[in-house]
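A.B. asks: With this note's numbering, the residue at position 511 of the sequence shown is 704, and numbering never jumps.
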Amino acid sequence: MRRAFGRAVAALCEVFVRARYHVTDRTDPTLAHTVQFVIAQHARMPDYLRAPFMLATLTFNYASLLTSGKPFHRLSFESQRRHIERARKLGPFCDLMRFYEGLSVFAFGDEKDSGVSASAPVAAPAVAPTKNRHDIVVIGSGPGGAITACLLAEAGRDVLSLEAGANIPLGDKTEFSREEMEQRYRNGGITAAFGRTKISYVEGRCVGGGSEINAGLYHRTPDDILERWRQEFDLQAASPAEMLPHFEACERDVSVSPLPGPQPETSLKMQLGAERLGWKSFEVPRWYKYSAAGSAQKQSMSRTYIPRALQAGCTLKSSTTVLRLRRDGNGWNIECESNGARETISCNTVFVCAGAIQSAALLLRSGIGMNIGKSFRVHPTVKVIAEFPEAINTCDFGITVHQVKEFSPRLGFGVSVSRAPYLSLAMLDHPAHQNIDERWHHMAIYYAMITGGNGRIRTLPGFRDAVVSYALDETDMRNLADGAKKLSELLFTAGAQTLYPSVAGSAPFRSMEDVRNFPGILPAGRSNLMSVHLFSSCPMGENREKCATDSFGKVHGADNLYINDASLLCTAPGVNPQGSIMAFARRNALHFLQAGKS
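Listed below in structure tokens is the structure:
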């Protein structure tokens with residue numbers, strides 16, 4: 194079966210690469226690397242999806258026997274293309290074709306763009322022997338977990354930090370590359386929230402968590418959001434004045450600052466459009482250090498709080514997956530797996546900081562379910578690819594820093610990663626306009642973001658990966674359509690000549706008349722949405738009808754069990770969430786230490 198699956202995948206990859214990049218040599222090593230990558234990505238995808246995807250792939254491969262007398266992998270190129278086009282119109286096979294096309298186009302383009310061949314899996318680093326009993330165990334090493342472990346260790350507490358991912362030095366892999374996707378992203382980046390309109394999302398899975406893979410853009414929690422959380426969730430000690438010292442301390446620790454040099458042209462286009470329309474826009478600061486020579490170094494957790502934690506005596510154990518928590522008197526037993534071996538670690542106190550999805554899933558697997566995983570939120574995002582008459586994009590264009598908040602919190606606009614492979618991926622909705630090789634210097638990916646919708650996180654018996662669903666109502670879909678229209682107006686005002694919305698079957702926009710004719714509600718099922726902001730699965734506050742924890746992250750009804758990550762944010766903040774995550778993690782860790790003294 195695996196051999197048949199491999200033949201089917203190789204045939205699909207070849208068709209998509211040949212159609213997009215006009216490659217006819219089956220011995221092309223880049224094509225072979227692409228096939229290897231796609232098969233490896235199938236093995237990385239959520240475990241409950243692997244068998245269905247393999248079965249669907251084999252069904253597709255052999256269905257052609259009924260009409261052509263041959264399996265798909267033995268057909269001519271033109272016959273294969275016809276079978277693919279028919280499959281795109283058949284329910285679940287449409288998603289199957291998009292899966293293989295997206296991965297093939299991205300992987301081939303990434304190697305072509307960077308010259309880096311398929312990488313071998315990173316071997317798990319040697320783990321220093323650890324004792325099986327600790328005072329405090331912190332699960333996860335992203336912004337919430339790193340700050341928690343650092344402050345507790347610096348206070349003299351015995352702290353063990355557990356991280357499911359590997360310890361990979363920052364800068365070891367090209368940012369936003371296929372290699373980074375393979376080695377730093379959970380499930381290889383193949384994750385989606387299910388619903389009438391699916392939302393793709395990504396999670397970090399490495400030492401430092403999401404801080405290692407994101408753009409480092411920084412916002413404080415807006416004052417009106419803090420007030421809303423106080424009123425709706427009875428969140429205490431979180432007014433703007435009370436949060437200010439925590440924001441300021443985190444900003445010093447990770448060197449939050451504006452870009453000191455010239456800004457990317459893609460960012461300046463957004464600024465120009467906003468200025469001409471009279472819309473409010475601003476440069477978002479980032480957690481970067483800049484040298485006099487102009488070089489930039491991201492101040493992620495692996496370069497800031499984690500080294501501080503280790504210097505203070507914290508023990509870090511990477512490549513260790515926590516399976517479940519079990520009560521042990523007033524303490525906890527942590528069942529985990531490291532390099533294929535299972536072990537149990539005991540402690541007095543647990544801080545769960547594994548991220549909005551993984552924290553909720555771990556607690557659910559452990560039988561702790563009060564208001565856990567029922568209010569998961571993201572920032573649903575629709576993209577618009579803009580093509581300008583002049584060159585605006587370069588290989589090293591970096592992360593753009595301007596955002597438009599004229600319609601915040603309902604809508605926000607920004608610029609996404611726009612390397613050539615990402616442009617190829619984004620343009621899958623417009624197959625008749627695949628001119629990326631000649632025009633990518635003139636193109637960039639922009640986005641419109643909303644705060645709506647509500648999600649749920651569930652676990653399935655026998656599977657480790659959580660099932661995530663997300664519901665968007667009519668108002669949300671109208672807001673997304675309005676966001677795409679207003680973003681298009683901004684881009685045309687900035688000088689764009691053609692716009693491509695990320696809606697399958699949608700015609701390109703060549704004028705504002707085309708924009709006005711776009712539907713007033715984003716079509717469900719044809720809109721390709723994504724998000725990189727995940728939160729709110731275990732909201733904090735004193736309102737026990739809504740909240741999973743108290744105002745400082747202590748799980749309601751559980752002794753010595755805390756959450757201290759993105760899960761706690763009560764609702765979508767409407768801005769990049771990591772400033773909020775860091776400030777609340779600091780506040781909660783210091784409150785825990787102070788409460789222990791009283």
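Virtual Cβ for every residue (Gly too), placed ideally from N, Cα, C.
When you compare the CB positions of K462 and A689, do they come within less than 9 Å of one another, or not?
C.D. replies: Contact: yes.
A.B. asks: When the Cα atoms are used, what is the spatial distance from G548 to A759?
C.D. replies: 6 Å
A.B. asks: By the DSSP assignment, the beta strand (DSSP E) with D521 in it spans what residues?
C.D. replies: T513 to D521
A.B. asks: Going by DSSP, which residues form a beta bridge with I392?
C.D. replies: A386 and L722, per the DSSP bridge assignment.
A.B. asks: Taking 9 Å as the threshold (C-beta atoms), are A346 and R496 in contact?
C.D. replies: no
A.B. asks: Can you look up A751 in the DSSP assignment and give me helix, strand or coil?
C.D. replies: coil
A.B. asks: List the endpoints of the continuous beta strand (DSSP E) containing V577.
C.D. replies: For V577, the enclosing beta strand (DSSP E) starts and ends at T574 to E580.
A.B. asks: Can you tell me whether R535 is buried or exposed, with buried defined as 16 or more other CB within 10 angstroms of its CB?
C.D. replies: exposed
A.B. asks: Applying the criterion that 16 or more other CB atoms from any shown protein chain within 10 Å of the CB defines a buried residue, is P602 buried or exposed?
C.D. replies: With 16 or more other Cβ atoms within 10 Å, it is buried.
A.B. asks: State the CB to CB distance for the pair Y214 and F301, rounded to an integer number of angstroms; the pair is presumed to be in contact (CB under 8 Å).
C.D. replies: 6 Å
A.B. asks: Measuring only the C-alpha atoms, how far is S699 from G772?
C.D. replies: 36 Å
A.B. asks: By DSSP, does N380 sit in helix, in strand, or in coil?
C.D. replies: helix
A.B. asks: Where do the ends of the alpha helix (DSSP H) carrying D416 lie?
C.D. replies: D416 to F426
A.B. asks: For S773, does the three-state DSSP call read helix, strand or coil?
C.D. replies: helix
A.B. asks: Between T414 and the rest of its own chain, which residues show a CB-CB distance below 6 Å, the 5 nearest in sequence each way excluded?
C.D. replies: P766 and S773
A.B. asks: Would the stretch 738-754 count as touching the stretch 513-528 if we require 3 or more Cβ pairs under 8 Å?
C.D. replies: yes
A.B. asks: Classify V208 as helix, strand or coil using the three-state DSSP reduction.
C.D. replies: helix
A.B. asks: CB-CB under 7 Å to S257, same chain, minus the five flanking residues each way: which ones, in chain order?
C.D. replies: Close CB contacts of S257 within its chain, under the 7 Å cut and outside five residues either way in sequence, are with K263, P264, F265, L268 and H276 (chain order).
A.B. asks: Going by DSSP in three states, A687 sits in which element: helix, strand or coil?
C.D. replies: Residue state, collapsed to three classes: coil.
A.B. asks: Could you check how far apart the C-beta atoms of P770 and F728 are, in whole angstroms? I think they sit under 8 Å.
C.D. replies: 5 Å
A.B. asks: Look at the alpha carbon of L786 and the alpha carbon of A687, and state the distance between them as a whole number of angstroms.
C.D. replies: 51 Å
A.B. asks: Under DSSP, the beta strand (DSSP E) around R651 begins and ends at which residues?
C.D. replies: N647 to R651
A.B. asks: Helix, strand or coil: which one does DSSP assign to C399?
C.D. replies: strand
A.B. asks: Beta-carbon within less than 8 Å of A431's beta-carbon, same chain only, minus the 5 sequence neighbours each way: which residues are those?
C.D. replies: L419, W422, R423, S744, F777 and R780
A.B. asks: Do you know offhand how far M620's Cα is from A674's?
C.D. replies: One C-alpha to the other measures close to 18 Å.
A.B. asks: By Cβ distance below 8 Å, which residues in the same chain neighbour A280 in space, the five residues on each side in sequence not counted?
C.D. replies: F253, F286, C287, L289 and M290
A.B. asks: According to the neighbour-count rule (16 or more other Cβ atoms, all chains shown, within 10 Å of its Cβ), is L344 buried or exposed?
C.D. replies: It counts as buried.
A.B. asks: Exposed or buried, which one is Q492 when buried takes at least 16 other CB atoms within 10 Å?
C.D. replies: Per the 10 Å Cβ criterion, buried.
A.B. asks: Leaving aside the five residues before and after R211 along the sequence, list all residues of the same chain whose C-beta is less than 7 Å from its C-beta, in chain order.
C.D. replies: T217 and F270
A.B. asks: Could you compute how far the alpha carbon of I736 sits from the alpha carbon of E425?
C.D. replies: Strictly speaking, residue 736 in this sequence is Asn, with Ile absent from that position. Each residue's alpha carbon lies about 8 Å from the other.
A.B. asks: For E373, count neighbouring C-beta atoms within 10 Å of its own C-beta (all shown protein chains included) and say buried if the count is 16 or more, exposed if not.
C.D. replies: In summary, E373 is buried, with 16 or more beta-carbon neighbours lying within 10 Å of its beta-carbon over all protein chains present.
A.B. asks: Straight-line CA distance for A201 to S695?
C.D. replies: Straight-line Cα distance between these residues: approximately 28 Å.
A.B. asks: Between the stretch 711-727 and the stretch 573-582, do at least 3 Cβ pairs fall closer than 8 Å?
C.D. replies: A contact between stretches requires three or more CB pairs, one per stretch, nearer than 8 Å, and the stretch 711-727 meets this requirement with the stretch 573-582.
A.B. asks: Roughly how many whole angstroms lie between the Cα atoms of A442 and K282?
C.D. replies: 54 Å
A.B. asks: Should A741 and C731 be called a contact, given that it needs their Cβ atoms to be closer than 9 Å?
C.D. replies: yes
A.B. asks: Could you give the DSSP three-state label for L692: helix, strand or coil?
C.D. replies: Note: L692 maps to strand in three-state DSSP.
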